[in-house]
Amino acid sequence: MDKQEFIETHPEYGYNGTIDEIYQNEFINHYPSDRIYLDHAGTTLYSQSQLDAHFHQLRTSTLNNPHSEQEDSKSLLLIQECMELILSIFETSGRYYSII
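Mapping the sequence shown onto my numbering, position 45 (from 1) lands on 41, and the numbers just tick up by one.
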């Protein structure tokens, strides 16, 4: 069964083309179109928007050693924000748990 036939048989697939649109915008430029990546358990493919956000942060921030004696370290602030986010996801606080 080819894709078109599958979609005709299962019109609910792909959220009205949203999945194909995301793939075209986010993944098509860096992955071979003749391959399908299935191993999303350990890690998944990175998207174009992730790359754009990461490169923007690298271009616009001076990230340094978070163990430096600088209180205004952007690296340290990002690490602290990440730790707080992780604690909030698990609905707890640094009073009971440490993020390493």
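From the three backbone atoms N, C-alpha and C, an ideal C-beta is built for every residue, glycine too.
The beta carbon of residue 45 lies closer than 7 Å to those of 22 in the same chain, with the five residues before and after it left out. When the Cα atoms are used, residue 48 and residue 42 turn out to be separated by approximately 11 Å.
Residue 45 sits in a helix when the DSSP states are folded into three classes. For residue 87, there is no enclosing alpha helix (DSSP H), as DSSP gives it neither H nor E. In the DSSP assignment, residue 20 falls within the unbroken alpha helix (DSSP H) covering 14 to 22. Sorting 80, 58, 79 by C-alpha distance to the C-alpha of residue 71 places 58 at the top. Here residue 72 carries a helix assignment [DSSP, helix/strand/coil].
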